[in-house]
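Engineer: Sending over a structure as structure tokens; questions will come in a sec.
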Ligand SMILES: Cc1ncc(COP(=O)(O)O)c(C=O)c1O
Ligand SMILES: [Zn+2]
């Protein structure tokens, strides 16, 4: 029988999608079972099937997939040159079906939900997990119940609702909404697969396995990841830990969790050498997707970072916006502000001389800029307004005859 495990107190529990926090410690539980003799099944086209041995599923139903995974690892030569690196890559998770990394976790959640005969799946989200859950729910014919935080960009609200999910825009403290979702879920039989759900986290591992293969079975020195609840970071780290356990890797990459300074409970705790976080008061940042003042999985994320030689950083909104523009203008990658924290964080690493020119660096670009268009106002993007009659002179003002 599948088991969940609490890494803080070492207790095992029977796997139960309605109870995935340790009643003793309050930390999120993780899937305990590690299959023996795991292999990559690279002859399979879908990412879920190729890495099935690393996932807590006995059978994959291909009809539930939307083609998640196998996202490109894009070499960023122009940014690398400006930062004096030889190998800088973007793992571009925007190319998942609903334009964020969340699809990897959601895909596993729905495999599980369908195999357990669950009738409704819910989530508490800043938007990306909402549209992902809604899309997979639509495809699986499973009803979805979505709690969105007030202030969610309209693109994310509408791209969730279009899939026919039940949407609730909730005002109030994130921690309270999160707790209520779990207790309501138990009462009403709705499986709330939130940001630190154990099956969701297992799904995130797959991106790390892909990175390893895309680098010809080499390990990067650094992996930079934007952090809110820490679920994604934990999942990615578990992917590399699996490789180590199976003897395919002899070390861990240095994981760098990046938060927006305007809401950085985990970066703050890390800087102060604390084991856990305290609620971040008056949170305010342009990176709405990672604005989470009280992350329920935060203590576990800090533990993973501490025990595996990683670190946490905070970056300012000005640094985030600059990085967002550079990723788009220099590398053609239009990501949301949350994802841009990775480049801003890398610049910090270079400044403090932690990252060196020969290091192989991967920045995980977690979500598309198209789902938070409001932030583009900040860039004051110039547009030449003209008429047909004046078009030639307008163009000449930018491209003079040479
Ligand atoms: C674009 C984007 N990046 C990063 C994150 C952070 O993920 P996690 O909550 O797993 O730390 C989120 C979470 O919603 C997100 O939408
Ligand atoms: Zn525990």
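Residue numbers (the working numbering): 443 to 844. Glycine included, each C-beta is placed from N, C-alpha and C at the ideal position.
Smallest Cα separation from residue 845: which of 592, 652 and 791?
Structural biologist: Because the chain spans 443 through 844 in this model, residue 845 falls outside it and cannot be assessed.
Engineer: Can you list the residues near ligand 2, meaning Cβ strictly closer than 7 Å to any non-hydrogen atom, in the order they appear in the chain?
Structural biologist: 448, 450, 451, 453, 464, 466, 467 and 469
Engineer: Please tell me whether, using a cut-off of 6 Å, the distance from the CB of residue 731 to the nearest non-hydrogen atom of ligand 1 is below it.
Structural biologist: yes
Engineer: Using CA coordinates, which residue listed in 451, 570 and 474 is at the minimum distance from residue 680?
Structural biologist: 474
Engineer: What separation, rounded to the nearest whole angstrom, lies between the Cα atoms of residue 810 and residue 542?
Structural biologist: 6 Å
Engineer: Tell me which residue opens and which closes the beta strand (DSSP E) that residue 564 is part of.
Structural biologist: 562-567
Engineer: When the Cβ atoms of the region 604-622 are set against those of the region 495-503, are three or more pairs found closer than 8 Å?
Structural biologist: no
Engineer: Here's the rule: buried if 16 or more other CB atoms are within 10 angstroms of the residue's CB, otherwise exposed. What is residue 607?
Structural biologist: buried
Engineer: Which residues in the same chain as residue 553 place their Cβ atom closer than 7 Å to its Cβ, once the five residues preceding and following it in sequence are excluded?
Structural biologist: 499, 502, 503 and 506
Engineer: Assuming contact is defined by CB atoms lying nearer than 7 Å, are residue 726 and residue 761 in contact in what I supplied?
Structural biologist: no
Engineer: To the nearest angstrom, how far is it from the Cα of residue 537 to the Cα of residue 513?
Structural biologist: 6 Å
Engineer: Check whether the Cβ of residue 780 lies closer than 6 Å to any heavy atom of ligand 1, and answer yes or no.
Structural biologist: yes
Engineer: Under a Cβ-count criterion, where at least 16 other Cβ atoms within 10 Å of its own Cβ denotes burial, should residue 604 be classed as buried or exposed?
Structural biologist: exposed
Engineer: Do three or more CB pairs link the region 750-770 to the region 780-797 at distances below 8 Å?
Structural biologist: When Cβ pairs closer than 8 Å are counted between the two stretches, the region 750-770 is seen to touch the region 780-797, the count reaching three or more.
Engineer: As a quick exercise: from 480, 641 and 532, pick the residue whose alpha carbon is nearest that of residue 460.
Structural biologist: 641
Engineer: When you compare only the Cα positions, how much space is there between residue 547 and residue 648?
Structural biologist: 9 Å
Engineer: Which residue comes first and which comes last in the alpha helix (DSSP H) that contains residue 463?
Structural biologist: Premise fails: residue 463 is in no alpha helix (DSSP H) and is neither H nor E.
Engineer: Between which two residues does the beta strand (DSSP E) carrying residue 807 extend?
Structural biologist: 802-807
Engineer: Give me, in chain order, the residues of the same chain whose beta-carbon lies closer than 8 Å to that of residue 482; leave out the 5 immediate sequence neighbours on both sides.
Structural biologist: 492, 493, 495, 651 and 655
Engineer: Residue 778: buried (16+ other C-beta within 10 angstroms of its C-beta) or exposed?
Structural biologist: buried
Engineer: Based on Cα-Cα distance, which residue from 632, 710, 574 and 484 lies nearest to residue 559?
Structural biologist: 632
Engineer: Should residue 784 be listed as close to ligand 1, given that the test is whether its C-beta is under 6 Å from any heavy atom?
Structural biologist: Between ligand 1 and residue 784, a heavy atom-to-CB distance of less than 6 Å is absent.
Engineer: Taking 6 Å as the line, does the beta carbon of residue 674 fall inside it for any heavy atom of ligand 1?
Structural biologist: yes
Engineer: At a cut-off of 6 Å, is residue 596 close to ligand 1 when judged by its beta-carbon and the heavy atoms of the ligand?
Structural biologist: no
Engineer: Taking only the alpha-carbon atoms, compute the straight-line gap between residue 781 and residue 601 and give it to the nearest angstrom.
Structural biologist: 19 Å
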